[in-house]
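This report refers to the structure that appears directly beneath it.
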Amino acid sequence: MPELPEAETMARELAAKTLGWKIAEVLVNFAPIVASDWQSFTDLLTGREIELVKRIGKWIHFVLTQDHHLLIHLKMTGQFHFDAWPSSEWPSHCHAAFRLTHQSQEQTLFYKDTRKFGRLRAFGPGQLEIFLNHLNLGPDALLASAKDYHERLVNTKGKLKAVLLDQTVLAGFGNIYADESLFAAKLSPLREAKTLTLEEVKNLHGQAQRILKKAIDCRGSTVSSYQAPEGAGSYQDHHKAYGKAGQPCPHCGQVLVKTVVAGRSTVFCPKCQK
DNA sequence: CCGGTCACCTGAGTGC
DNA sequence: TGCACTCAGGTGACCG
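Written as structure tokens, this is what we have:
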């Protein structure tokens, strides 16, 4: 599900609701959703206060007191849901519950994930760095400069679309925003990334920045079930290529073509995108 | 080493 | 209606 704009939206909305709140209690309803054993997971989190909620690539990062951390990858269908603390019945597809307290107030944050691909990880002091090094994420797709893009893209083997999806090259692109950015930059997803000129990379960088920022303004794309804590996003109304195979290209009218690159469905205009 | 394929899951949509 | 089949925003393991 979430790519950079959806993860950014979730982090912002979670921050607004949970900053300064304490994790009073943790329940895990489906053990495999936690990367470690659930006992050490709950032990690491219980009693900590939430200092910051941010995004690292597509990961959601809760910074907790005493150098403790909660890192969540939402994969295809992960999302957050506020509801009542589960007595016996859990809300549908919710696999972990965090009872949060702030002075006399109380609320419960649920991790919800229909397809159960997502993973939650807790870290104690010094452990987060090791994990992030292991992930080896490239520069953030939104924060990186055109020079960063150029250095990363031109020094990588493979088709442009596959390279954009590789989180160790640039962190944050997924299938939607890769297709949308390539369409806007008039670059073929099938091009070998290393053949891009500096001008082409600068243009791709500019288009990607514009699209990712606009998507964040729209609170992400809701294609099927994606919801941020404050509800669905609306950037799907601005998609020009993703999900539009068979429809006319908005630039030239030629039919948009669907193919498969890096195992992912890819839509592009064979006339505009060179 | 590399690209391609599958596995992990569930639900929605489609066609018979 | 119902069933079989395909596809989905991601990534990591495995294979030739």
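In the working numbering, each residue carries its 1-based index in the first sequence increased by 592.
We treat Cβ as the ideally placed atom computed from N, Cα and C, and that holds for glycine.
Nearest candidate by alpha-carbon position, reference residue i, set the options
i, options, result
"Ala-880", "Leu-663, Glu-605, Gln-819, Lys-832", "This structure cannot speak to residue 880, because the chain is shown only from 593 to 866."
"Gly-710", "Pro-842, Glu-681, Phe-674, Ile-652", "Ile-652"
"Lys-850", "His-843, Cys-844, Pro-862, Pro-842", "Pro-862"
"Leu-658", "Gln-631, Ser-632, Thr-610, Pro-717", "Note that residue 658 is Gln in the sequence shown, not Leu. Comparing Cα positions, the closest option is Pro-717."
"Ala-714", "Val-655, Lys-753, Ser-817, Ala-607", "Val-655"
"Thr-693", "Asn-728, Ser-737, His-665, Gly-639", "Gly-639"
"Glu-784", "Thr-610, Leu-752, Val-859, Gln-695", "Leu-752"
"Lys-786", "Ser-813, Asn-747, Tyr-818", "Asn-747"
"Pro-594", "Leu-663, Gly-838, Lys-806, Tyr-818", "Tyr-818"
"Val-620", "Gln-828, Ser-632, Phe-723", "Ser-632"
"His-661", "Gln-695, Phe-723, Lys-609", "Phe-723"
Rounded separation between residue i and residue j - CA only
i, j, result
"Arg-811", "Thr-601", "5 Å"
"Lys-749", "Val-761", "11 Å"
"Arg-856", "Tyr-741", "22 Å"
"Ser-826", "Asn-725", "34 Å"
"Glu-540", "Ile-642", "Nothing about residue 540 can be read from this structure; the chain reaches only from 593 to 866."
"Gly-823", "Leu-712", "22 Å"
"Leu-611", "Val-859", "40 Å"
"Leu-734", "Glu-698", "35 Å"
"Val-815", "Gln-828", "7 Å"
"Thr-634", "Lys-667", "22 Å"
"Ile-664", "Pro-597", "15 Å"
"Ser-628", "His-843", "49 Å"
"Ala-807", "Ala-603", "14 Å"
Bounding residues of the beta strand (DSSP E) (the contiguous stretch that carries residue i)
i, result
"Phe-690", "686–694"
"Thr-858", "856–860"
"His-665", "660–665"
"Glu-643", "642–648"
Range covered by the alpha helix (DSSP H) that runs through residue i
i, result
"His-831", "Here His-831 belongs to no alpha helix (DSSP H), and DSSP marks it neither H nor E."
"Trp-591", "Because the chain is modelled from 593 through 866, residue 591 falls outside the range shown and cannot be assessed."
"Lys-614", "Per DSSP, Lys-614 belongs to no alpha helix (DSSP H); it is in the beta strand (DSSP E), 614–620."
"Val-793", "790–809"
"Arg-601", "The sequence shown places Thr at residue 601, rather than the Arg named in the question. Element bounds for Thr-601: 596–610."
"Lys-753", "752–757"
"Thr-634", "630–637"
Own chain partners of residue i with C-beta closer than 6 Å, once the 5 adjacent residues on each side are dropped
i, result
"Trp-677", "Arg-691, Thr-700"
"Thr-706", "Thr-669, His-685"
"Ser-773", "Gln-799, Ala-800, Ile-803"
"Leu-877", "Residue 877 is absent from the structure shown; the chain starts at 593 and stops at 866."
Neighbourhood of residue i by C-beta, 8 Å cutoff - its chain only, sequence neighbours within 5 removed
i, result
"Pro-683", "His-673, Asp-675, Phe-702, Lys-704"
"His-792", "Reading off the sequence, residue 792 comes out as Glu, not His. Closer than 8 Å at Cβ, skipping near neighbours: Ala-777, Leu-779."
"Leu-757", "Phe-765, Gly-766, Asn-767, Ala-770, Ala-854, Arg-856"
"Lys-866", "Lys-778, Leu-779, Ser-780, Arg-783"
"Pro-840", "Gln-846, Val-847, Leu-848"
"Ile-625", "His-687, Ala-688, Tyr-703, Asp-705, Lys-708, Gly-710, Arg-711, Leu-712"
"Ala-738", "Val-793, Lys-794, His-797, Gly-798"
"Ala-607", "Leu-644, Val-645, Lys-646"
"Ile-615", "Leu-637, Thr-638, Gly-639, Arg-640, Glu-641, Ile-642, Leu-656, Phe-690, Arg-691, Leu-692"
"Leu-790", "His-742"
Same chain, Cβ closer than 7 Å to residue i, five either side skipped, listed in chain order
i, result
"Ala-736", "Leu-762"
Complete runs of the beta strand (DSSP E) confined to the segment 671–738 [at least 3 residues]: 686–694, 697–705, 711–715
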